[in-house]
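First the structure, in the form of structure tokens, and then the observations on it.
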Amino acid sequence: MFNTLEDIQALIGVEVETVSLEFKDGAKLNDLEKAKTDLITDVTAFANAGGGTVIYGIREEKRGSQSYAGEIAPVTNERITQDRLRETILSNTDPVLRDFSITAIPAQGGTVFVIEVAEGDTAYQNKRDQKFYSRVDASAHPMYAFAIRDVMNRRTRPHVDVSLLIRRRKITSDNHIYVVVPVLENKGNLTAHHWILRLGVPAVIGRHDGELGPHMRGVGATTLGRHHIQWYQYSSERPAASTSRLLPGDTSELDLGHGYPEVLLIIGSESEIRATEAKPPLIWKLLLDDAPMRSGELPYEEWCKW
240 MFNTLEDIQA LIGVEVETVS LEFKDGAKLN DLEKAKTDLI TDVTAFANAG GGTVIYGIRE
300 EKRGSQSYAG EIAPVTNERI TQDRLRETIL SNTDPVLRDF SITAIPAQGG TVFVIEVAEG
360 DTAYQNKRDQ KFYSRVDASA HPMYAFAIRD VMNRRTRPHV DVSLLIRRRK ITSDNHIYVV
420 VPVLENKGNL TAHHWILRLG VPAVIGRHDG ELGPHMRGVG ATTLGRHHIQ WYQYSSERPA
480 ASTSRLLPGD TSELDLGHGY PEVLLIIGSE SEIRATEAKP PLIWKLLLDD APMRSGELPY
540 EEWCKW
């Protein structure tokens, strides 16, 4: 997500710390022995929550109750490397936390380290102080016993990620047509037998192309803020009692080739162009066997190439 110094600089004065993003002055990592407990607290808290990123090399800038990305303040100790940080995380988490990546970005006077942590499939403990942590708002806090049990139960339910693939069907000077293809990826250890995905597209420009049926149907429209959203529902249920289950490691594109009508975004007329001036996102909601509902969105800037 943050791979270059330009990516880091773009955060300054704009991005705020959130439940999935943390900024740290690089000086805090110069003495790794002293920083270990804090480092492991952060990475296990992200794993026990929904995943996230900690950046060592940006100062926090306080504005009221929020912390914004301040100036770049890299790690200056040349002995701090990706391999050393990786080994520190592996040897101080229980069970061993492996689903993370570390990017080292050269900066003037040192290095910025970006540690991206995926949501874990169980609860991870900080072996430095024997505690479990999770993210609450923009900081890490010790977890209560019931919360630890809830996170450990992730291994008893499927874990499916959702992304939205945008394909260009037609681009002319006065008409843009995009095809929205939802993609489901089972990243867990259990089969997802039953799932429902709801896709919300801007009502003025969104429409389907093909015959709807029980495995994909329109489910009405709603208004979210200033956006009027048309909803489509995809389902694992198929005729003749068959299903579109997702095995562990399986990826499925819900497109025409797999029997799902296409969802189109058509921008051409004045009314359609005016609708996009509100910069509507694409929204999704996923319901899955024995798992809490998840939701997300694809910002307008990432799907519209007008």
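When you read off a place in the sequence shown, starting at 1, and then add 239, the result is the number in our numbering.
Glycine is no exception: its CB is placed at the ideal position from the N, C-alpha and C atoms.
On a predicted model such as this, the values are computed, not experimentally measured, just so you know.
In angstroms, rounded to a whole number, what distance separates the CA positions of residue i and residue j?
i      : j      : result
His380 : Arg456 : 42 Å
Glu540 : Glu516 : 11 Å
Ile341 : Arg408 : 37 Å
Phe339 : Pro520 : 28 Å
Arg188 : Lys370 : The structure shown does not extend to residue 188, since the chain is modelled only from 240 through 545, so no value can be given for it.
Pro334 : Ala286 : 12 Å
Pro441 : Ala514 : 8 Å
Ile468 : Ser378 : 33 Å
Met382 : Glu310 : 32 Å
Ser330 : Leu504 : 49 Å
Asp270 : Glu261 : 19 Å
Glu254 : Gln248 : 10 Å
Thr320 : Tyr363 : 23 Å
Pro487 : Arg302 : 44 Å
Lys267 : Ala357 : 23 Å
Thr276 : Ala384 : 21 Å
Glu511 : Cys543 : 13 Å
Ser483 : His398 : 16 Å
Gly348 : Ser534 : 41 Å
Gly265 : Trp470 : 45 Å
Glu476 : Arg446 : 22 Å
His466 : Glu272 : 50 Å
Met532 : Asn242 : 31 Å
Val258 : Val502 : 32 Å
Ile251 : His454 : 45 Å
Arg388 : Asp322 : 32 Å
Ala386 : Pro538 : 31 Å
Asn552 : Arg318 : Residue 552 cannot be examined here, being either before or after the span of the chain that is shown, 240 to 545.
Met240 : Ala274 : 24 Å
Would you mind working out which of the options sits nearest residue i, comparing C-alpha positions?
i      : options                           : result
Val443 : Leu485, Thr462, Asp528 and Gly452 : Thr462
Asp529 : Gly464, His433 and Glu511         : His433
Ile344 : Arg337, Leu504, Phe371 and Ile354 : Ile354
Leu403 : Leu438, Leu278, Thr280 and Val258 : Leu438
Tyr473 : Ile512, Gly452, Glu245 and Gly348 : Gly452
Thr430 : Glu256, Val458, Arg393 and Trp523 : Arg393
Gly449 : Arg465, Gly498 and His415         : Gly498
Glu536 : Cys543, Trp523 and Leu527         : Trp523
Ser304 : Val282, Asp376, His454 and Lys273 : Asp376
Asp400 : Val502, Thr490 and Thr243         : Thr490
Glu256 : Phe241, Glu326, Gly445 and Glu299 : Glu299
Gly464 : Asn428, Glu501 and Lys518         : Lys518
Leu244 : Ile297, Lys273, Ile506 and His454 : Ile297
Gly555 : Asn414, Leu250 and Asp246         : Outside the shown range of the chain, which is 240 to 545, sits residue 555, and nothing can be said about it.
Leu485 : His454, Gly427, Asn365 and Met532 : Gly427
Asp246 : Ala346, Val502, Ile387 and Val258 : Ala346
Count the other C-beta atoms from every protein chain shown that fall within 10 angstroms of the C-beta of residue i, then say buried if there are 16 or more, exposed otherwise.
i      : result
Lys263 : buried
Arg337 : exposed
Asp360 : buried
Thr395 : exposed
Gly459 : exposed
Thr332 : buried
Pro500 : buried
So residue i and residue j are in contact, right, with Cβ under 8 Å, and what is the actual spacing, rounded?
i      : j      : result
Val351 : Tyr307 : Rounded, the Cβ-Cβ distance is 17 Å, inconsistent with contact.
Arg367 : Ile279 : 5 Å
Ile328 : Val390 : Not a contact, Cβ separation roughly 18 Å.
Tyr417 : Ala284 : Actually they do not touch by this definition, with Cβ atoms about 37 Å apart.
Leu324 : Ile435 : Rounded, the Cβ-Cβ distance is 40 Å, inconsistent with contact.
Measuring only between beta-carbons, confirm whether residue i sits less than 8 Å from chain B.
i      : result
Arg484 : Within the model displayed, chain B is absent; a lone protein chain is all it includes.
Point to revise | Given 8 Å, three or more beta-carbon pairs between the region 307-326 and the region 283-291 | key: no
Practice item. Evaluate the contact criterion for the region 419-427 versus the region 491-498: three or more CB pairs, one atom per stretch, below 8 Å. Key: yes
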